[in-house]
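Visitor:
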Amino acid sequence: MVKVRFGVINIKVLAPEYTHPYHRLMVKALRQFPADFEASRIDDPHQFNGPIFGAFNDKDDLIGVVGLRQEQLLKTRHKGLIWGLYVSTGYQGSGVGKGLLEAALTHARGLRGLEQLYLVVGEHNTRARRLYESLGFKPFGLEPRELKVAGKFYNGVHMWLKLK
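According to numbering that gives the first Met the number 0, the sequence shown is numbered sequentially starting from 0.
1) Mapping DSSP to helix, strand and coil, what is R68?
2) What are the residues that DSSP puts in a beta bridge with A54?
3) In the structure shown, what three-state DSSP assignment does L100 receive?
4) Can you give the Cα-Cα distance for N9 and Y17, rounded to whole angstroms?
5) Rounded to whole angstroms, what is the Cα-Cα separation between A27 and D35?
6) Could you give the C-beta distance for V156 and P143, rounded to a whole number, given that I count them as a contact under 8 Å?
7) Apart from the five residues just before and just after H77, which ones in its own chain have a Cβ nearer than 7 Å to its Cβ?
8) Have a look at P33 and S93 and give me their C-alpha separation to the nearest angstrom.
9) To which residues does DSSP link H77 through a beta bridge?
10) Suppose you measure from the CA of V95 to the CA of G63; what does that come to, to the nearest Å?
11) With DSSP collapsed to three states, give me the class of H157.
12) Between Q71 and the rest of its own chain, which residues show a CB-CB distance below 6 Å, the 5 nearest in sequence each way excluded?
13) Could you tell me how far apart the beta carbons of L67 and G49 are, in whole angstroms, since I believe they sit closer than 8 Å?
14) Confirm, please, whether the CB-CB distance from V12 to F52 is below 8 Å.
15) Quick one: what does DSSP say L29 is sitting in, helix, strand or coil?
16) Give me the Cα-Cα distance between Q69 and G6, rounded to the nearest whole angstrom.
17) I'd like to know whether the C-beta atoms of L84 and L104 end up nearer to each other than 8 Å.
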């Protein structure tokens, strides 16, 4: 349980039975922020070989998600990826996103061999960048034209966090 501006939110790892609520939530994310999400990432939430954390309100509605994946190759196993952070419109800015990230970071710190995390966030998304920076992520590069949406290019800021 995480205390947020609107009360208490339950955060847990999504089980396979949450695939449909997850998909519905990510379709909303893609519609609301088309320059921040890749459509390929919303189809099968379990294709990424790592936990997806879900935030649930007091009615047990899925209101936010974030994914975590540890790299599997021998020489990159020390790295993990944070991906797909999204919080439903009515809960944005309430602390749900921070709670989700803190749950993912706590889990990541317990994974054998995982020493650092990385993520990519849209250069235009200053709110998300501030959230990541508040948890210790540091920018290390800019990827020009990372995403192309409806003929328009968006740059991606690469960020990382040392765990160990």
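For each residue, glycine too, the CB sits at the ideal point set by N, CA and C.
Quick caveat: nothing in here was measured; it's all calculated off a predicted structure.
Guide: Taking the definition as stated:
1) strand
2) I10 and G63
3) helix
4) 14 Å
5) The question names Ala, yet the displayed sequence has Lys at residue 27. So the alpha carbons of these two residues sit roughly 12 Å apart.
6) Actually they do not touch by this definition, with Cβ atoms about 11 Å apart.
7) G112, L113, E114 and Q115
8) 22 Å
9) None, per the DSSP bridge assignment.
10) 7 Å
11) strand
12) none
13) 5 Å
14) yes
15) helix
16) 32 Å
17) no
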